[in-house]
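Participant: Submitted below is the structure of interest, expressed as structure tokens.
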Amino acid sequence: MEAHLKSATVFKGTSKTIQNELLDCMLEVTKETIVQQLRSTDYVAIQADDTTDVSTKTQSVLVFRYIDGNFKVVERFYCFTYLKDSSADTISAAILNELNLILPERSGKEKLIAQSYDGASVMRGASGGVPKKNQRYIP
């Protein structure tokens, strides 16, 4: 790609819009590859954390760990999701929404063998934290 951009006489690809569109295309291909791998593996673990970005908006990060077709444990960043607040209900709903898109079948959710979150009380609370809320919908 770099060589092409340096030698191209017509298309330089330096437009911000074009670069963003190319990145969006690459993101979709990458996410689809991850989804296919998640659907074909036997066991999946999720990791989630929330953070506040420079504009003070709360966002959640979702990462998957699983065994790929070569029997190697892989860890894949999947997405950032903006959240309306940092409550356990909101974070849980965001995670469950992504999981329902990736693993729509009930049997797919049975692959989930682990959840890990940061140390914040809303994330780890034994009775009302994100893991407890997710366990209502995921065995």
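Take the sequence shown: its letter number 63 is residue 63 in UniProt numbering, and every next letter is one higher.
Built from N, CA and C at the ideal position, the CB exists for glycine as well.
(1) Any beta carbon from chain B within less than 9 Å of T41's own beta carbon?
(2) With DSSP run on the structure shown, which of helix, strand or coil describes I67?
(3) Kindly indicate the opening and closing residues of the alpha helix (DSSP H) around R106.
(4) In the DSSP assignment, find the unbroken alpha helix (DSSP H) run with I113 in it and report its ends.
(5) Please name the residue, chosen from Q59, I113, T90, that lies closest to Y82 on a Cα-to-Cα basis.
(6) What are the start and end residues of the beta strand (DSSP E) that includes R39?
(7) Would you check if the stretch 31-41 and the stretch 69-78 touch, i.e. whether three or more CB-CB distances between them fall below 8 Å?
(8) Alpha helix (DSSP H) containing V44: first to last residue?
(9) Opposite V73 in the DSSP bridges: which residues?
Facilitator: To lay it out plainly:
(1) Within the model displayed, chain B is absent; a lone protein chain is all it includes.
(2) Here I67 carries a strand assignment [DSSP, helix/strand/coil].
(3) Here the alpha helix (DSSP H) through R106 covers 106-109.
(4) Counting along the chain, I113 falls outside any alpha helix (DSSP H), though it belongs to the beta strand (DSSP E) covering 112-117.
(5) Among Q59, I113, T90, the Cα nearest to that of Y82 is on Q59.
(6) Per DSSP, R39 belongs to no beta strand (DSSP E); it is in the alpha helix (DSSP H), 16-40.
(7) Segments in contact, yes.
(8) Where V44 is concerned, there is no enclosing alpha helix (DSSP H), although the beta strand (DSSP E) it sits in stretches over 44-52.
(9) DSSP output for V73 lists I67 as bridge partner(s).
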